[in-house]
Amino acid sequence: MSFSNELLKWYQQNKRDLPWRHTSNPYIIWLSEIILQQTRVEQGLPYFQRFLEQYPDVLSFAAAAEDDILKLWQGLGYYSRGRNMLKTARTVVDNYNGSFPQKYDDLIKLKGIGEYTATAIASFSANEAKAVVDGNVYRVLARYFGIDEPINSPKGKKLFQQTANELLNKQQPGLHNQAMMEFGAMLCKPKNPACGICPVREGCYAFLHNAVNSLPVKLNKVKVRDRYFNYFLVTDGDNILMNKRDDKDIWANMYDLPLVETDTLLTPEELFYLPMVKEIFGTDIKLVEILPLKKHILTHQRLHVRLIILNNQPVKLKEQYFFTPIENLQKLALPKIVFIFLKNIFNL
DNA sequence: AACACGGGGAC
DNA sequence: GTCCCAGTGTT
Numbered sequence: 078m079s080f081s082n083e084l085l086k087w088y089q090q091n092k093r094d095l096p097w098r099h100t101s102n103p104y105i106i107w108l109s110e111i112i113l114q115q116t117r118v119e120q121g122l123p124y125f126q127r128f129l130e131q132y133p134d135v136l137s138f139a140a141a142a143e144d145d146i147l148k149l150w151q152g153l154g155y156y157s158r159g160r161n162m163l164k165t166a167r168t169v170v171d172n173y174n175g176s177f178p179q180k181y182d183d184l185i186k187l188k189g190i191g192e193y194t195a196t197a198i199a200s201f202s203a204n205e206a207k208a209v210v211d212g213n214v215y216r217v218l219a220r221y222f223g224i225d226e227p228i229n230s231p232k233g234k235k236l237f238q239q240t241a242n243e244l245l246n247k248q249q250p251g252l253h254n255q256a257m258m259e260f261g262a263m264l265c266k267p268k269n270p271a272c273g274i275c276p277v278r279e280g281c282y283a284f285l286h287n288a289v290n291s292l293p294v295k296l297n298k299v300k301v302r303d304r305y306f307n308y309f310l311v312t313d314g315d316n317i318l319m320n321k322r323d324d325k326d327i328w329a330n331m332y333d334l335p336l337v338e339t340d341t342l343l344t345p346e347e348l349f350y351l352p353m354v355k356e357i358f359g360t361d362i363k364l365v366e367i368l369p370l371k372k373h374i375l376t377h378q379r380l381h382v383r384l385i386i387l388n389n390q391p392v393k394l395k396e397q398y399f400f401t402p403i404e405n406l407q408k409l410a411l412p413k414i415v416f417i418f419l420k421n422i423f424n425l
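In terms of the numbering used here, the first sequence is numbered consecutively and its last residue is 425.
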């Protein structure tokens, strides 16, 4: 029995019942695929449900405001996905008459849809015969065929895509693709794969050569940068001073508090002496409290975040600053760490 | 080719 | 702590 047939048999018996597997609607599949980029199914599932309820079709999605999309995306990370979805939804309405494309060549042109996602949508919704290659597929192929080429080198990427294409079941590409990924996620896991119950282990290079833990090979460990975020909490009656972030840094276009970033951890005295701080709050700082430093880990950054509560009014409002009612915080898209601070203070 | 972009869960 | 998740866009 061929690898593909064993795989499909395993899939029919072991697949999870996931909502996006009950449809061939490319809009719904697109929604699920974007949400699941670099995101585990369990984490993305509730977001998928909320998005589908709020925006049942591409027309309603295209009509949304960016603030509303980001708010619904809050806590999921990689927020450019949400912003790109809005662009793509509007492109689909404008250029495709609201009918979501199903062909790879159309999909790949849309914002936020890369090689993987275009293949996934095309094969799941219309059985286009292309092989998906995601993190799961890299792992399954590297182990089964004993490929030690790094999965994140250009050469490796080509090799794995080619291998996946040759393995693809051309009769049922959609099913085959889903089966490959489910197999990688459920059985051929990164740590402690279930080789004991694996239906294809007799043909698996890694199993036969005791190389399961050394495959796949991946290069380039990410460098992590330390950043120190000093947030200032300033209120005026029932209003709170907020900041809208620009589109350059992390958390683009989302909302946080007035922020002074430093290279190192400063004492309050050093901090209050900074020109930036004096410019915004003057020289007479009325400190109420400094909440303890919280560490917030991102992929490339370690954020050291603290909240400084002042009894000052700003002497100068920067352009991106604005006062808003505290109850309105519920409606703003806030980075996780900012949300946690504010939640603890205001019982949001 | 290298880097930026979040947050969470498993070990 | 480390790894990595149904990756993509920018430089």
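Think of the CB as a built atom: it goes at the ideal place given N, C-alpha and C, for glycine as much as any other residue.
Spatial neighbours of N254 within its chain, please: CB distance less than 6 Å, with the 5 preceding and 5 following residues excluded, ordered by chain position. S200, V209
Segments of 3+ residues assigned as beta strand (DSSP E) that fall wholly inside the segment 295-350: 302-310, 316-321, 336-339
Pull up the DSSP beta-bridge partners for E259, would you. For E259, which the question treats as bridged, DSSP gives no partner whatsoever.
Under the DSSP definition of a beta bridge, which residues are partnered with H373? L380
Should G273 go down as buried or exposed, given a rule of 16 or more other Cβ atoms within 10 Å for buried? exposed
Go ahead and label I228 buried or exposed: buried means 16 or more other beta carbons lie within 10 angstroms of its beta carbon, across all protein chains shown. buried
Would you check if there are 3 or more beta carbon pairs closer than 8 Å linking the segment 154-170 to the segment 184-192? yes
Just to confirm, is the Cβ distance from V337 to N307 under 7 Å? yes
Within 10 angstroms of its Cβ, does Y350 collect 16 or more other Cβ (buried), or is it exposed? exposed
Starting from the N-terminal side, write out each stretch of the alpha helix (DSSP H) that is 4 residues or longer and does not extend beyond the segment 166-236. 181-184, 192-203, 212-222
Use the C-beta contact count for S109: other C-beta atoms within 10 angstroms, 16 or more gives buried, fewer gives exposed. buried
Residues near N204 by beta carbon distance below 6 Å, same chain, minus five either side: P250, G251
Pair within 7 Å by beta-carbon distance, F309 and I385: yes
Of all the options M257, K232, D313, F128, which has the alpha carbon lying nearest to the alpha carbon of W107? F128
Where do the ends of the beta strand (DSSP E) carrying I367 lie? 364-367
Run through the DSSP bridge pairs and tell me what I274 is partnered with. I274 pairs with nothing; no bridge assigned.
Would D313 and F400 qualify as a contact pair, given that the criterion is a beta-carbon distance under 7 Å? yes
Starting from the Cα of S202, find the closest Cα among K180, G223, N213, E192 and give me that residue. K180
Just checking, does the segment 89-108 make contact with the segment 121-138 on the three C-beta pairs under 8 Å criterion? yes
Is it buried or exposed for V214, if we count other Cβ within 10 angstroms and need 16 for buried? buried
Counting pairs of beta carbons, one from the segment 274-292 and one from the segment 108-125, are three or more of them closer than 8 Å? no
Do you know how far the Cα of L244 is from the Cα of Y88? 16 Å
Is the distance from the Cβ of Y305 to the Cβ of H381 below 7 Å? yes
Please confirm if the segment 405-421 is in contact with the segment 316-336, defined as three or more CB-CB distances below 8 Å between the two stretches. yes
Hey, how far is the Cα of Y156 from the Cα of D361? 38 Å
Using DSSP's beta-bridge definition, name the partner residues of I386. L310, E366
Suppose contacts are defined by Cβ-Cβ distances below 7 Å. Is P270 in contact with A219 by that definition? no
Can you have a look at R216 and say buried or exposed, based on whether 16 or more other CB atoms are within 10 angstroms of its CB? buried
Exposed unless 16 or more other CB atoms sit within 10 angstroms - verdict on A197: buried
When we look at the beta-carbon of S176 and count the other beta-carbons within 10 Å, is it buried (16 or more) or exposed? exposed
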